[in-house]
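Participant: Last residue of the sequence shown: 324 (UniProt numbering), numbering continuous.
Handing you a structure now.
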Amino acid sequence: MIFSPASTHPTSQTRLPFSWRFLLPQYWGIWLLMACVLPWVWLPLRVQFWLGRTLGVVLYHGIARRRRDTLINMALIFPEKSASEHAQLAKRVFIQAGVGVFESLCAWFRPHVFDGCWDVTGADAVLKAQHNGHAVILLGAHYTLLDLGGLLMSHVLPIDVIYRPQNNALLDWFIFNARTHIYRRQISHRDMRALAQSLKDGRAVWYSPDQDFGLTQGVMAPFFGVPAATITAQRRLARLGNKQKPPVFFMFHAYRTTAPNVPRPHYQLTLSPPLSDYPSQNETADAARINALLEQLMLIDPTQYMWFHRRFKTQPDGTKYYAK
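Here is the structure:
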């Protein structure tokens, strides 16, 4: 099925109020950054993508720790490749992330520039689950498209998103309010009451369980053949919904099908069939299953994932892959 994007759905979400403390000197750096970046959003996409590629190259050479972490991740997930191939992949990760910054900025402030340049597969099953009164849990990952993926999904059906507030209050205010036209509701990862209410109301919720928060929030499961601490909180979400019509789980993947130097990009939004027998009684087996599904999606283009995160930080034998 191919969707032609309509105007973004209306939202009832309350915007965060402005605080006069944002004018204090401690926030001037953020104001300066916004003043420098926001005008770029109204440049042609081809110019923005050039800026994004340039930003990615600068960050690749300028942030040694993130570059090193990405190279380590490439070596772990692609042991059959050479060191030079790992370096090429790592550089492409940064380039994709740089372009992703501008894709998200456009998703926030110029969403209509993406009209007519994307399509979706698998939406029928999601819409059917919603029509039948089930909440929908979309399991995704931290792809470089960031909020552009959410924007594309919002044209299929309104979605809520679970997010982690920014440490900087001004940056949090800015990002939260910029996203209000994309998501029906932004739910803090600590606000279980709001999350439970969304699921009981039969809404669609986007949740990304792909980061390493240690074993207090998950179990060890293979990811690209490497043991990885894997979040299992999404299994508990099933218990928060309507018991008569439990939530239905789907895998959610959004990626650019064109190279980051193509003037007119194209995007693909893919929704899996509903996950049968999920969650099961076996927490570790469920974690391995989700990781395997994420692997399949990421292998479409591994560089469109944020590999500069320390995905394999926690190891059962105490190995420190990222130690200097």
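All C-beta atoms, glycine included, are put in the ideal place defined by N, C-alpha and C.
A quick note: this is a predicted structure, and the numbers were derived from the prediction, not measured.
1) With DSSP as the reference, label residue 251 as helix, strand or coil.
2) Report back the beta-carbon spacing between residue 105 and residue 41 to the nearest angstrom; my notes put them in contact at under 8 Å.
3) Taking Cβ positions, are residue 293 and residue 247 nearer each other than 9 Å?
4) Please name the residue, chosen from 110, 124, 116, that lies closest to residue 147 on a Cα-to-Cα basis.
5) Could you name the residues that DSSP lists as bridge partners for residue 220?
6) Using CA coordinates, which residue listed in 302, 316, 317, 318 is at the minimum distance from residue 73?
7) Write down the C-beta distance between residue 71 and residue 61 rounded to the nearest angstrom, noting that I regard them as a contact closer than 8 Å.
8) Using 9 Å as the threshold, is the C-beta distance between residue 69 and residue 307 below it?
9) Let me know the alpha helix (DSSP H) ranges lying completely inside the segment 151 to 182, each 4 residues or longer, listed in chain order.
10) Name the DSSP bridge partner or partners of residue 120?
11) Closest to residue 139 by CA distance: which of 45, 222, 237, 67 is it?
12) Under 7 Å Cβ to Cβ from residue 9, same chain only, skipping five residues before and after it: list those, please.
13) Comparing alpha-carbon positions, which option in 145, 166, 289 lies nearest residue 95?
14) Are the segment 205 to 217 and the segment 311 to 321 in contact at 8 Å, needing three or more beta carbon pairs?
15) Taking the continuous alpha helix (DSSP H) assigned at residue 136, which residues delimit it?
Facilitator: In short:
1) The answer is strand: DSSP assigns residue 251 an E or B state.
2) A Cβ-Cβ separation of about 5 Å places residue 105 in contact with residue 41 under the 8 Å criterion.
3) Annotated as distal: residue 293 and residue 247, with beta-carbon spacing of 9 Å or more.
4) Checking every option, the nearest Cα to that of residue 147 belongs to 110.
5) Beta bridge pairing from DSSP links residue 220 with 229.
6) Closest by C-alpha distance to residue 73, out of 302, 316, 317, 318, is 302.
7) With 8 Å as the limit, residue 71 and residue 61 do not qualify as a contact, their Cβ atoms being about 13 Å apart.
8) Here residue 69 is near residue 307, since their CB atoms are less than 9 Å apart.
9) Here the runs fully enclosed are 169 to 178.
10) Looking at the DSSP assignment, residue 120 forms a beta bridge with 269.
11) The residue with the shortest Cα to Cα distance from residue 139 is 237.
12) No answer about residue 9 holds up, because its pLDDT of 38 lies below 50 and its placement is not dependable.
13) Taking only the C-alpha atoms, the option nearest residue 95 is 145.
14) Contact between the segment 205 to 217 and the segment 311 to 321 is present, with at least three C-beta pairs closer than 8 Å.
15) Counting along the chain, residue 136 falls outside any alpha helix (DSSP H), though it belongs to the beta strand (DSSP E) covering 136 to 139.
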